[in-house]
Amino acid sequence: MPIFGLFGRKNKSSAAAARERLQILISHERQNRLGPDFLPDLQREILDVVKKYVAVRDDQVSIRVDREGDASVLELNVTLPEN
Amino acid sequence: MAIVVTVTSGKGGVGKTTSSAAIAAGLAQAGHRTVVIDFDVGLRNLDLVMGVERRVVFDFVSVISGEASLNQALIQDKRLERLSILAASQTKDKDALTEDGVGQVIEQLSDMGFEYIVCDSPAGIERGATMALYFADHAVIVTNPEVSSVRDSDRILGILQSKSKHAEEGGRVNEHLLITRYDPVRVDQGEMLSKEDVCDILAVKLIGVIPESKAVLKASNTGFPVILDAESDAGMAYSDAVARFLGEDRPLRFVTPKKQGLLSRILGGGD
Ligand SMILES: Nc1ncnc2c1ncn2[C@@H]1O[C@H](COP(=O)(O)OP(=O)(O)O)[C@@H](O)[C@H]1O
Ligand SMILES: [Mg+2]
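Chains F and P are the protein sequences, given in the same order.
Start counting the first sequence at 1465; every next residue gets the next number (the working numbering).
Start counting the second sequence at 404; every next residue gets the next number (the working numbering).
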């Protein structure tokens, strides 16, 4: 009965799925926590400026701060629409 | 100064009150004068778990508001002479817990000679919880091996690292991870996050793993901290956790599936 094999131990367990989802989510949430307090305001204002020129959705602009040694790097990502 | 140990988690129902009662009783058993405070204003439970519900006259909030003295409000445990309980108020709202008020109570308890102040935090990240966190020297993060509990624990770690008194003063709260309601059989079958998974994700030093245990309900039904059930798996696991907290090195127990004998497998028992 091969169908049992599909759900057996060899396949990715639900615990492994939980671990992966948590790793991604928590590293993201920690990034946001570490960022400076003005980050959400900065993101909103940048979004407004970008919107003046191109039609982007809110979730197409992301901003984050990474620590690299004693410097911080501000990373801005804007996904522009195809046309 | 007394050492403030806050038992916290973010998520509700994970075992904070069970753990607060066990840890406070364990510290008292080890010879330390200990008081356990219920910060869950409006929804008190610690009194029931400790079996003192009929002896509560004054509570934490009545002390803060000046209605009663600490001596009037403290309930001396009948089993452990070094253990006292300060119950939460059932009527007042959580805004009654002010930073000054809580700080003064902690100071007075120190002056009275208590060595450890165990704070049973409510769920959530509102006033009761943040007040319990604010004064912490040590935080015991109670986490179930389950996604939302782990995520909430991480949020609490963030608050400890930014909003606690120690953090404000440029220091750090001592963090300890306590995994509760652990089921080694389900972990083995890939149905539950393992202790290694939880430790890796949260990156906090593990202080103990408490198995899912029938002894916990039995203890709360009758009103005593489960650590006093010295024969039970949960009781022993809590004793180990307290010993580790006090600096002892002890191996983990009850973290692998019980080997079932042929007979118990046939009879289907095994507990
Ligand atoms: N190790 C355990 N095994 C079995 N049941 C547990 C265990 N720890 C806690 N519980 C049960 O889970 C419920 C919630 O526990 P409690 O300590 O009140 O959590 P919290 O204070 O975090 O809300 C209670 O019914 C308690 O008996
Ligand atoms: Mg509770």
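A virtual CB, placed ideally from N, CA and C, is assigned to each residue, including glycine.
My understanding is that residue i touches residue j, with C-beta atoms under 8 Å, so please give their C-beta distance in whole angstroms.
{"i": "P:Val464", "j": "P:Val438", "result": "That belief does not hold up - the Cβ atoms of P:Val464 and P:Val438 are roughly 16 Å apart, past 8 Å."}
{"i": "P:Asp600", "j": "P:Ala618", "result": "Not really, about 25 Å apart at Cβ, beyond 8 Å."}
{"i": "F:Arg1494", "j": "P:Val550", "result": "About 16 Å separates the two Cβ atoms, so there is no contact after all."}
{"i": "P:Leu560", "j": "P:Glu578", "result": "7 Å"}
{"i": "P:Thr583", "j": "P:Val545", "result": "6 Å"}
Thinking C-beta only, is residue j closer than 8 Å to residue i?
{"i": "P:Lys608", "j": "P:Leu581", "result": "no"}
{"i": "P:Leu623", "j": "P:Ala637", "result": "Checking the displayed sequence, the identity of residue 623 of chain P turns out to be Ser instead of Leu. Not closer than 8 Å, so no."}
{"i": "P:Arg447", "j": "P:Ala491", "result": "yes"}
{"i": "P:Ser567", "j": "P:Leu536", "result": "yes"}
{"i": "P:Asp503", "j": "P:Ile440", "result": "no"}
{"i": "P:Ala526", "j": "P:Lys414", "result": "yes"}
{"i": "F:Val1525", "j": "F:Gln1507", "result": "yes"}
{"i": "P:Thr409", "j": "P:Ala542", "result": "yes"}
{"i": "P:Val407", "j": "P:Ile520", "result": "yes"}
{"i": "P:Gly593", "j": "F:Ser1478", "result": "yes"}
{"i": "P:Ser468", "j": "P:Ala499", "result": "yes"}
{"i": "P:Tyr585", "j": "P:Ile613", "result": "yes"}
{"i": "P:Val382", "j": "P:Asp540", "result": "Any answer about residue 382 of chain P is impossible in this case: the structure gives chain P only from 404 up to 674."}
{"i": "P:Val505", "j": "P:Pro587", "result": "no"}
{"i": "P:Ala532", "j": "P:Thr411", "result": "yes"}
{"i": "F:Pro1545", "j": "F:Val1518", "result": "yes"}
{"i": "P:Arg436", "j": "P:Glu518", "result": "yes"}
{"i": "P:Arg482", "j": "P:Gly434", "result": "no"}
{"i": "P:Val417", "j": "P:Asn547", "result": "yes"}
{"i": "P:Ile488", "j": "P:Met453", "result": "yes"}
{"i": "P:Asp591", "j": "P:Pro660", "result": "yes"}
For the beta strand (DSSP E) that contains residue i, what are its first and last residues?
{"i": "P:Ile562", "result": "Taken as a continuous stretch (DSSP letters only), P:Ile562 belongs to no beta strand (DSSP E), being part of the alpha helix (DSSP H) at Val550 to Lys566."}
{"i": "P:His541", "result": "His541 to Thr546"}
{"i": "P:Val607", "result": "Where P:Val607 is concerned, there is no enclosing beta strand (DSSP E), given that its DSSP letter is neither H nor E."}
{"i": "P:Ile488", "result": "Leu486 to Leu489"}
{"i": "P:Ile406", "result": "Ile406 to Thr411"}
Please name the residue or residues paired with residue i in a DSSP beta bridge.
{"i": "P:Tyr691", "result": "Chain P is shown from 404 up to 674; residue 691 of chain P falls before or after that span and cannot be answered."}
{"i": "P:Asn577", "result": "P:His541"}
{"i": "P:Tyr641", "result": "In DSSP, P:Tyr641 forms no bridge with anything."}
{"i": "F:Glu1539", "result": "F:Arg1528"}
{"i": "P:Ile520", "result": "P:Val407 and P:Val438"}
{"i": "P:Gln479", "result": "P:Ser487"}
Looking at the secondary structure, which residues open and close the alpha helix (DSSP H) in which residue i lies?
{"i": "P:Leu631", "result": "No alpha helix (DSSP H) contains P:Leu631, which DSSP labels as neither H nor E."}
{"i": "P:Val439", "result": "That residue, P:Val439, is in no alpha helix (DSSP H); its beta strand (DSSP E) goes Thr437 to Asp441."}
{"i": "F:Pro1504", "result": "Leu1503 to Tyr1517"}
{"i": "F:Arg1494", "result": "Ser1478 to Leu1498"}
{"i": "P:Leu526", "result": "Note that residue 526 of chain P is Ala in the sequence shown here, rather than Leu. Neither: P:Ala526 is in no alpha helix (DSSP H) and is coded neither H nor E."}
{"i": "P:Asp503", "result": "Glu502 to Asp514"}
{"i": "P:Leu451", "result": "Leu449 to Val452"}
{"i": "P:Gly593", "result": "Taken as a continuous stretch (DSSP letters only), P:Gly593 belongs to no alpha helix (DSSP H), as it is neither H nor E."}
{"i": "P:Phe463", "result": "Phe463 to Ile467"}
{"i": "P:Lys419", "result": "Lys419 to Gln432"}
Please determine whether the Cβ atom of residue i lies at a distance below 7 Å from any heavy atom of ligand 3.
{"i": "P:Val588", "result": "Among the ligands in the structure shown, ligand 3 does not appear; only ligand 1 and ligand 2 can be found there."}
Between the options, which lies nearest to residue i when the distance is taken from Cα to Cα?
{"i": "F:Lys1515", "options": "F:Val1542, F:Ala1480, F:Asn1496 and F:Ala1481", "result": "F:Val1542"}
{"i": "P:Ile630", "options": "P:Ser412, P:Gly416, P:Met404 and P:Thr420", "result": "P:Thr420"}
{"i": "P:Val460", "options": "P:Gly454, P:Ile478 and P:Glu518", "result": "P:Ile478"}
{"i": "F:Pro1500", "options": "P:Leu655, P:Ser565 and P:Lys662", "result": "P:Ser565"}
{"i": "P:Met639", "options": "P:Ala425, P:Gly418 and P:Met404", "result": "P:Ala425"}
{"i": "P:Phe538", "options": "P:Arg554, P:Ile562 and P:Pro548", "result": "P:Ile562"}
{"i": "P:Gly626", "options": "P:Leu451, P:Gln507 and P:Phe442", "result": "P:Leu451"}
{"i": "P:Asp496", "options": "P:Ser423, P:Ala431, P:Gln507 and P:Asp462", "result": "P:Asp462"}
{"i": "P:Ala405", "options": "P:Gln507, P:Asp652 and P:Ser422", "result": "P:Gln507"}
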